[in-house]
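Listed in order, the protein sequences are those of chains A and B.
Count the first sequence with my numbering and you get residues 30 to 394, in order.
Count the second sequence with my numbering and you get residues 30 to 394, in order.
No residue lacks a Cβ here, since even glycine has one placed at the ideal position from N, Cα and C.
Note that the coordinates shown come from a computational prediction; the quantities given were computed from them, not determined experimentally.
Note sheet for the following structure.
Number of protein chains: 2
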Amino acid sequence: MSESTPRRRDVTVADVAREARVSKAQAARALGGYGAVSDDVRERVMAAAEHLNYRPNELARTMNTGKSNTLGVVVGDIENPHFGLAMRGISDVAKAAGFDVILINTSEDVAAEVDAVRVLLDKRVDGLIVAPASRGDSEHLGRVLEAGRPLVLFDRKVDGLNVDVFAPDMTDVARESTEQLIAVGHRRIAFISTVDAEGPYREGMPLASSQVAERLLGMHLAFRHAGLCLNRDLIRLGAGDSESIAAITEEVLADGATAIVASDGLIALSVIETIQRLGLSIPDDVSFLMYDDFAWTKLTSPPLSVIAQPVYDIGAAAARAVILRIRGQVPRTSPEELKAVLVERGSIGAATAGDRQAMGASSAR
Amino acid sequence: MSESTPRRRDVTVADVAREARVSKAQAARALGGYGAVSDDVRERVMAAAEHLNYRPNELARTMNTGKSNTLGVVVGDIENPHFGLAMRGISDVAKAAGFDVILINTSEDVAAEVDAVRVLLDKRVDGLIVAPASRGDSEHLGRVLEAGRPLVLFDRKVDGLNVDVFAPDMTDVARESTEQLIAVGHRRIAFISTVDAEGPYREGMPLASSQVAERLLGMHLAFRHAGLCLNRDLIRLGAGDSESIAAITEEVLADGATAIVASDGLIALSVIETIQRLGLSIPDDVSFLMYDDFAWTKLTSPPLSVIAQPVYDIGAAAARAVILRIRGQVPRTSPEELKAVLVERGSIGAATAGDRQAMGASSAR
DNA sequence: TGTAATATTGAGACCGGACTCACAGTGGTT
DNA sequence: AACCACTGTGAGTCCGGTCTCAATATTACA
Numbered sequence: 030m031s032e033s034t035p036r037r038r039d040v041t042v043a044d045v046a047r048e049a050r051v052s053k054a055q056a057a058r059a060l061g062g063y064g065a066v067s068d069d070v071r072e073r074v075m076a077a078a079e080h081l082n083y084r085p086n087e088l089a090r091t092m093n094t095g096k097s098n099t100l101g102v103v104v105g106d107i108e109n110p111h112f113g114l115a116m117r118g119i120s121d122v123a124k125a126a127g128f129d130v131i132l133i134n135t136s137e138d139v140a141a142e143v144d145a146v147r148v149l150l151d152k153r154v155d156g157l158i159v160a161p162a163s164r165g166d167s168e169h170l171g172r173v174l175e176a177g178r179p180l181v182l183f184d185r186k187v188d189g190l191n192v193d194v195f196a197p198d199m200t201d202v203a204r205e206s207t208e209q210l211i212a213v214g215h216r217r218i219a220f221i222s223t224v225d226a227e228g229p230y231r232e233g234m235p236l237a238s239s240q241v242a243e244r245l246l247g248m249h250l251a252f253r254h255a256g257l258c259l260n261r262d263l264i265r266l267g268a269g270d271s272e273s274i275a276a277i278t279e280e281v282l283a284d285g286a287t288a289i290v291a292s293d294g295l296i297a298l299s300v301i302e303t304i305q306r307l308g309l310s311i312p313d314d315v316s317f318l319m320y321d322d323f324a325w326t327k328l329t330s331p332p333l334s335v336i337a338q339p340v341y342d343i344g345a346a347a348a349r350a351v352i353l354r355i356r357g358q359v360p361r362t363s364p365e366e367l368k369a370v371l372v373e374r375g376s377i378g379a380a381t382a383g384d385r386q387a388m389g390a391s392s393a394r
Numbered sequence: 030m031s032e033s034t035p036r037r038r039d040v041t042v043a044d045v046a047r048e049a050r051v052s053k054a055q056a057a058r059a060l061g062g063y064g065a066v067s068d069d070v071r072e073r074v075m076a077a078a079e080h081l082n083y084r085p086n087e088l089a090r091t092m093n094t095g096k097s098n099t100l101g102v103v104v105g106d107i108e109n110p111h112f113g114l115a116m117r118g119i120s121d122v123a124k125a126a127g128f129d130v131i132l133i134n135t136s137e138d139v140a141a142e143v144d145a146v147r148v149l150l151d152k153r154v155d156g157l158i159v160a161p162a163s164r165g166d167s168e169h170l171g172r173v174l175e176a177g178r179p180l181v182l183f184d185r186k187v188d189g190l191n192v193d194v195f196a197p198d199m200t201d202v203a204r205e206s207t208e209q210l211i212a213v214g215h216r217r218i219a220f221i222s223t224v225d226a227e228g229p230y231r232e233g234m235p236l237a238s239s240q241v242a243e244r245l246l247g248m249h250l251a252f253r254h255a256g257l258c259l260n261r262d263l264i265r266l267g268a269g270d271s272e273s274i275a276a277i278t279e280e281v282l283a284d285g286a287t288a289i290v291a292s293d294g295l296i297a298l299s300v301i302e303t304i305q306r307l308g309l310s311i312p313d314d315v316s317f318l319m320y321d322d323f324a325w326t327k328l329t330s331p332p333l334s335v336i337a338q339p340v341y342d343i344g345a346a347a348a349r350a351v352i353l354r355i356r357g358q359v360p361r362t363s364p365e366e367l368k369a370v371l372v373e374r375g376s377i378g379a380a381t382a383g384d385r386q387a388m389g390a391s392s393a394r
């Protein structure tokens, strides 16, 4: 098997040209499929190329065309199946359009994101698809636009950047699900998120993630519409490792929360573990709702109610958009197709009347 | 903010040289940090570069050095947190060593893997880290070696390829866990895997995944050691979508299996869902064991016993190895550190004595 | 002070393709 | 027969760096 492949020694157009007895220019034309080439020459060149097992050097090609036929993707946390699925959407569309995809993971670190963007720009990707780690830091992304490379964002928005963003609006679904919780009697609803913020939560405070901002806005709207007031002590940001999430969970429960909303899968895992450890039952003692629809949410007893996003489609739409932009066209954004929906499974129940509210002291921090 | 960045127009060494009033060669030397350059010239060049906001063109640099300072990673399914975590191990090590990492996903498709390897080779990555989709197809990987690029594999082995492989040996842990199952009375143990094979299972048949082969070998050893015989009707390969997994689960249960071993997370999800749907209880009615330690395995009741692999470390070790190879050194492989272990949580119980064995007819297929 | 050794420097080749330009051949017009 | 449009073709330039080589400048040592 390995005999059949002669030791390949970077064959170039010049080699092919020599073998086919034509000039380098003609060989390049035949191989590259541009310019005028007679049938006779084309055939000879192709045969020679085949014979020598010629493979064009993409780098050289990219260097003087400026095109690499490659899309660069930057995500914060590829371990999260959320992004894994989006990545698949991107890959599928890209492959169909003849683009390669390369991915860089940033661990949600802005400095790493800046690096990643630089690397991809240096590798001359034709377009970039980014799930920005921070809503505020847009300088490196601005640089992409300045360099004239198409850029689209997905999953989250960034302030002050005029680019396409593919992220379902979370306000509506957050409002809707909060209304549902209110309807079955919940008044003290906790929301726990990893997103960091300066100091305790206040309405309208700047948040790194636009998604989280929208979710909170939706909650506020629901409460206001019901003539109630959202208790902001129960909105807990900056939840980091599993210990801190567990601690926060205990606090909000002690503070009388009758329902907990987890902002992502990681939060959800720790919250549920804590609830189980405290010997409480879902949904009898506490109701539970989480963002993102992972397969394992169906396995717990009861299965968990979730807010599902069309993650694959988001990725696919983002890829379609950059590719259009690369081709010089302007994508027609139809955001109404990217809608998040509440999937009721069984972790939301009626609020337990008043009994546990009494037991907790208001937590100061 | 965007005012401060003057519209950058691909500044080259020639531009810098002109600005610093030196030759292109001297500017390049100062910038690239090679050759002899006087302090005076170096300072002027650096100042000019700073002033013009010079950024070297990595492509051009790669083209005539042959080095790109980039590692290419190819995995089958980045949606699987298993690979996500390994990727993190790779990234961390690479970053520390000054390498960039680019990733391509293949959806476990050999053709896509061949493409991915080609793309990365075309982009002139310095080394490749691959989790091969198929044990048998090694031609494209052989081509990497022929091209003289370092290559290491992780997670799975490939036949007839003399490269470093970073994958814990599964035989021991499979044997150990099977012995444990046998010890508590299980005699009919089912094993369900996605890995495809031709026809029903026979001992020693060729399997696409070396991991699965080792797991089965371990099971055989345990049975043999106990003087028992593994029932091969209960070894079910080629489980595809969730319906087929559910169907297989029902079949092996009807066939009297008292314990089910799931070969990966996806299988596990469907198996458990089916067990729950049938109204059976873990571990009272059926014992359950799965490969890979995902966070959600602690959430179910009871929490699931798993076989955990040091996935992060595997990725890190693989990255360290390619980097050494790139530098022309030979890595000292110490596989004993990469050991998979059985984590007992609560889904393994005593076999229910004989009652259910009777109820199932032997399923032919 | 002479000369060898060493440090700096600029010109230009080179990596592997794409592409410009001038020139030759072909066929159709008038 | 003279003119024009158009296809084929090869020589050579360019992309943006690295690197070789020969020339010049500086320094060290006898």
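Which of helix, strand or coil does DSSP assign to residue i?
i: residue 377 (chain A); result: coil
i: residue 82 (chain B); result: coil
i: residue 99 (chain B); result: strand
i: residue 383 (chain B); result: Low local confidence applies: a pLDDT of 49 at residue 383 (chain B) is under 50, so the model's placement there is unreliable, with the coordinate-based value given in what follows. Residue 383 (chain B): coil per DSSP, three-state reduction.
i: residue 289 (chain A); result: strand
i: residue 359 (chain A); result: coil
i: residue 128 (chain B); result: coil
i: residue 112 (chain B); result: helix
i: residue 319 (chain A); result: strand
i: residue 158 (chain B); result: strand
i: residue 301 (chain B); result: helix
i: residue 133 (chain B); result: strand
i: residue 351 (chain B); result: helix
i: residue 340 (chain B); result: helix
i: residue 104 (chain A); result: strand
i: residue 147 (chain A); result: helix
i: residue 231 (chain B); result: coil
i: residue 327 (chain B); result: helix
i: residue 71 (chain A); result: helix
i: residue 215 (chain A); result: coil
Round the Cβ separation of residue i and residue j to the nearest angstrom and send it over; I've been treating them as touching at under 8 Å.
i: residue 312 (chain A); j: residue 378 (chain A); result: 3 Å
i: residue 181 (chain B); j: residue 351 (chain B); result: 5 Å
i: residue 187 (chain A); j: residue 164 (chain A); result: 6 Å
i: residue 247 (chain A); j: residue 201 (chain A); result: 7 Å
i: residue 60 (chain B); j: residue 89 (chain B); result: With 8 Å as the limit, residue 60 (chain B) and residue 89 (chain B) do not qualify as a contact, their Cβ atoms being about 12 Å apart.
Which partner residues of residue i appear in the DSSP bridge assignment?
i: residue 265 (chain A); result: A:221
i: residue 334 (chain A); result: A:318
i: residue 193 (chain A); result: A:181
i: residue 372 (chain A); result: A:335
By how many angstroms is the C-alpha of residue j removed from the C-alpha of residue i?
i: residue 341 (chain B); j: residue 195 (chain B); result: 11 Å
i: residue 235 (chain B); j: residue 287 (chain B); result: 27 Å
i: residue 330 (chain B); j: residue 300 (chain A); result: 15 Å
i: residue 35 (chain A); j: residue 97 (chain B); result: In this prediction, residue 35 (chain A) has a pLDDT of 34, which is less than 50 and means its spatial position is unreliable; what the coordinates show is noted afterwards. Cα to Cα, residue 35 (chain A) sits roughly 25 Å from residue 97 (chain B).
i: residue 374 (chain B); j: residue 274 (chain B); result: 23 Å
i: residue 278 (chain A); j: residue 304 (chain A); result: 8 Å
i: residue 376 (chain A); j: residue 315 (chain A); result: 8 Å
i: residue 91 (chain B); j: residue 152 (chain A); result: 10 Å
i: residue 215 (chain A); j: residue 260 (chain A); result: 12 Å
i: residue 269 (chain B); j: residue 117 (chain A); result: 18 Å
i: residue 161 (chain A); j: residue 213 (chain B); result: 51 Å
i: residue 317 (chain A); j: residue 233 (chain B); result: 48 Å
Determine which residues of the region 234-261 of chain A have a Cβ less than 9 Å from any Cβ of chain B, and write them out in chain order.
none
Contacting positions in the region 80-98 of chain B - beta carbon closer than 7 Å to chain A
87, 88, 89, 91 and 92
Just by C-beta distance, which residues in the region 47-80 of chain A are closer than 8 Å to chain B?
none
Proximal residues, the region 351-382 of chain B versus chain A, C-beta separation under 7 Å
none
Between the region 114-131 of chain B and chain A, which residues of the former have a C-beta closer than 9 Å to a C-beta of the latter?
114, 116, 117, 120, 121, 124, 129, 130 and 131
Pull out every residue of the region 151-171 of chain A whose Cβ sits closer than 7 Å to any Cβ of chain B, in chain order.
151, 152, 153, 168 and 171
Mind listing which residues of the region 298-331 of chain B have their C-beta closer than 8 Å to chain A's C-betas, in chain order?
298, 301, 302, 305, 323, 324, 325, 327, 328, 329 and 330
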